[in-house]
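Structure first, then comments.
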Amino acid sequence: MTRQLDSTAFAALTKLLDKLTDKQETHQDVQALQQIKAFCKYSDENITWISGMLLHRLKEDHAQTRLHVVNLIDELFQRSRAFRTLLTANFTEFLELSLGFRHDRPLPGPVSIANQLRDRALEVVEQWNDKYGSTYKQVSLGYNYLKNNMSMRFPEVRARAAAAQAEAHERQVRSQALLQDKYQHICAGFEGHVADMTATLNQIAEGFTLIEGTTQAASAAAPAHELAHDDSISPEGEIAWEAVDSAPAPEASIPAAPGDSSASARPSCVVAQPPIAITSNATTGRHLSGVAVSV
């Protein structure tokens, strides 16, 4: 037997549901939703209370409130076996209040939100049938009744997801094929120029080799060539000065004084001008040597 919910807990739970099903809000309060989940996880008795309160809220005369309730029911249906058992026991009432397929129980307005409510209810029923239809017969029976007897068009979320996945895979395959074709084209064009590039590189290498060999030969031959043709450099590395002509200078005669009869018998004084040799000494520098005077 289900125990009674104390007044404090009931007031807190009612306040949370007011936040989650407020018709003025288009999005649910995330914090309030987490608190509701925590309340349901505490015990199955709490789930029983939540189930009854949600079915009661589903009778509200505003489509936005019912849409919030359907979303909250889906959150709990996906997570709690106890909640699934309680909801499937009242599955027909859930379908009537969320889909409005009975003429005497149409969906409340606004019309645009009522259409959103119907589409969302069909979506969750289809998802529940795919996941839990084999376990909960009420779900599979309700799905087949709506689809075959009421001719309701389900969004076919699973089929659309599979089609979208197949289309994405096909696009990826086409993209990969195009990239592969571009790659092959680039490779083929590159291979056509490999021979030309190789020949050009070989010619450049040969040119550098010739330049390097010529430079080295010129550097090695230049000093020997200069030494062989430059007479101004002595074998010892000293500079040789030009040799003065060593031919004997003409003799200078000293004339005899007038009246000197002996001048003819006396030998003439001859001053010889010997050659002047200038040499270079690496240690002491240049100097004059070899000057001699004879009488």
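What the sequence shown shows, in the working numbering, is residues 252 to 546, in sequence order.
Just so it is clear, CB atoms sit at the ideal spot from N, CA and C, and this is done for glycine as well.
Closest Cα partner of residue i within the set the options
i: glutamine 389; options: Asp355, Gly360 and Leu338; result: Leu338
i: valine 261; options: Lys288, Thr466, Met304 and Arg411; result: Here the sequence assigns phenylalanine to residue 261, which means valine is not the residue at that position. The shortest Cα separation from phenylalanine 261 among Lys288, Thr466, Met304 and Arg411 belongs to Met304.
i: serine 258; options: Arg404, Leu397 and Trp300; result: Trp300
i: leucine 397; options: Glu374, Met448 and Ala415; result: Glu374
i: arginine 356; options: Ala314, Phe328 and Leu323; result: Ala314
i: glutamate 407; options: Gln367, Gln378, Pro359 and His307; result: Gln378
i: alanine 289; options: Arg330, Arg422 and Asn399; result: Arg330
i: asparagine 366; options: Met403, Thr460 and Lys382; result: Met403
Limits of the alpha helix (DSSP H) - the one that residue i falls within
i: phenylalanine 342; result: 342 to 350
i: lysine 288; result: 281 to 293
i: lysine 310; result: Run containing lysine 310: none; DSSP gives neither H nor E here.
i: asparagine 366; result: 362 to 383
i: phenylalanine 334; result: 332 to 339
i: leucine 267; result: 258 to 271
i: asparagine 400; result: No alpha helix (DSSP H) holds asparagine 400; DSSP gives it neither H nor E.
i: leucine 547; result: Nothing can be reported for residue 547: it is not among the residues displayed for the chain, which extend from 252 to 546.
Cβ pair residue i, residue j closer than 8 Å
i: glutamine 286; j: histidine 319; result: no
i: tyrosine 387; j: arginine 335; result: yes
i: leucine 309; j: leucine 348; result: yes
i: proline 359; j: aspartate 312; result: yes
i: leucine 327; j: cysteine 291; result: yes
Cβ-based burial, residue i [other Cβ within 10 Å; buried from 16]
i: threonine 272; result: buried
i: glycine 384; result: buried
i: phenylalanine 441; result: exposed
i: arginine 369; result: buried
i: leucine 430; result: exposed
i: asparagine 380; result: buried
i: serine 504; result: Caution is warranted here: a pLDDT of 47 is assigned to serine 504, below 50, making its placement in the model unreliable, and the coordinate value is therefore given only provisionally. So serine 504 ends up on the exposed side.
i: valine 547; result: Because residue 547 is not part of the residues shown, which for the chain are 252 to 546, the question remains open.
i: isoleucine 324; result: buried
i: aspartate 481; result: Note that aspartate 481 has pLDDT 49, beneath the 50 cutoff, so the model's placement of it is unreliable and the number below is only indicative. By the neighbour-count rule (16 or more Cβ atoms within 10 Å), aspartate 481 is not buried but exposed.
i: serine 426; result: exposed
i: proline 470; result: Sequence check: residue 470 is serine here, not proline. The residue in question, serine 470, is exposed, as its Cβ has fewer than 16 Cβ neighbours within 10 Å.
i: leucine 198; result: A question about residue 198 goes unanswered here, because the residues of the chain that appear run from 252 up to 546.
i: valine 546; result: At valine 546, the pLDDT of 38 sits below 50, so the modelled position is not reliable; the number obtained from the coordinates is stated separately. Valine 546 should be labelled exposed.
i: glycine 464; result: exposed
8 Å contact criterion, which residue i and residue j should meet: CB distance rounded
i: lysine 274; j: threonine 316; result: 5 Å
i: alanine 333; j: isoleucine 364; result: So it is not a contact: roughly 30 Å between Cβ atoms.
i: alanine 372; j: valine 321; result: 6 Å
i: phenylalanine 352; j: methionine 401; result: 6 Å
i: leucine 306; j: asparagine 341; result: 6 Å
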